[in-house]
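Heads up: the structure comes next, in structure tokens.
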Amino acid sequence: MSMNVGSEGSSGDPEVMVDVNTTPLIDVMLVLLIMLIITIPIQTHAVKLDLPQGNPPPPLTPPTVVTIDVDFDGQVSWNGDPMANEAALVQHFQNAAAQPDQPEIHLRPNKLADYKYVAHVLADAQRLGMTKLGIVGNEQFIGQD
549 MSMNVGSEGS SGDPEVMVDV NTTPLIDVML VLLIMLIITI PIQTHAVKLD
599 LPQGNPPPPL TPPTVVTIDV DFDGQVSWNG DPMANEAALV QHFQNAAAQP
649 DQPEIHLRPN KLADYKYVAH VLADAQRLGM TKLGIVGNEQ FIGQD
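See below:
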């Protein structure tokens, strides 16, 4: 707010202030903002999932487990048998995916193995249709910086 105390001209008439009084405008805008906030319904960010009800019956036969080891230099082993190349690993994945009851794949990477080798095995398994896949041996990574 400003106030004109003196006049600079020789006439005794004070100068006309041409400023717009914005206080009522701000009051109206605040009331509209509060009404807008109150009237907008609260949006919930929820993901709808169809979860199974109850406990499923235990399987009649224990699942077949296949252990895949990834060594520090990228060498991949299928149940202890080293894979000569990627085509051999792909062939094993295709055979396992074609079974009616797919085996469980337990991936055991060495803690010194580069992530690209582990990611490559995971990508091949997903691409070829493996659905039961898990990483085991995570306790070796606890406490690393």
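Take 549 as the starting number for the sequence shown in our numbering and just add one per residue. We put the CB at the ideal spot given by N, CA and C, even for glycine.
Alpha carbon of residue i to alpha carbon of residue j, nearest angstrom
{"i": "Asp649", "j": "Val613", "result": "11 Å"}
{"i": "Ala569", "j": "Leu584", "result": "Reading the sequence as shown, one finds Asn at residue 569 and not Ala. Taking the straight line from one Cα to the other gives about 24 Å."}
{"i": "Ile616", "j": "Gln647", "result": "18 Å"}
{"i": "Pro630", "j": "Pro589", "result": "60 Å"}
{"i": "Ala636", "j": "Leu599", "result": "37 Å"}
{"i": "Asp672", "j": "Val638", "result": "7 Å"}
{"i": "Asn633", "j": "Val624", "result": "9 Å"}
{"i": "Val684", "j": "Leu578", "result": "57 Å"}
{"i": "Gly677", "j": "Leu608", "result": "24 Å"}
{"i": "Asp567", "j": "Asp575", "result": "17 Å"}
{"i": "Thr726", "j": "Glu563", "result": "Residue coverage of the chain in this structure runs from 549 to 693, which leaves residue 726 outside it and unanswerable."}
{"i": "Gln674", "j": "Phe689", "result": "24 Å"}
{"i": "Lys664", "j": "Gly682", "result": "17 Å"}
Three-state secondary structure assigned by DSSP to residue i
{"i": "Pro630", "result": "strand"}
{"i": "Ile683", "result": "strand"}
{"i": "Gln642", "result": "helix"}
{"i": "Met678", "result": "coil"}
{"i": "Ala575", "result": "The sequence shown places Asp at residue 575, rather than the Ala named in the question. Asp575: helix per DSSP, three-state reduction."}
{"i": "Val669", "result": "helix"}
{"i": "Gln688", "result": "helix"}
{"i": "Ile588", "result": "coil"}
Beta-ladder partner(s) of residue i, from DSSP
{"i": "Val618", "result": "Val624, Pro657"}
{"i": "Glu652", "result": "Val613"}
- Message: To test your reading of the DSSP string, which unbroken beta strand (DSSP E) runs of 3 or more residues are found completely within the region 591-616?
- Response: none
- Item | Validate contact between the region 589-609 and the region 632-647 using beta carbons, cut 8 Å, 3 pairs | no
- Message: For the structure I just gave you, are there three or more beta carbon pairs, one from the region 617-637 and one from the region 653-661, closer than 8 Å?
- Response: yes
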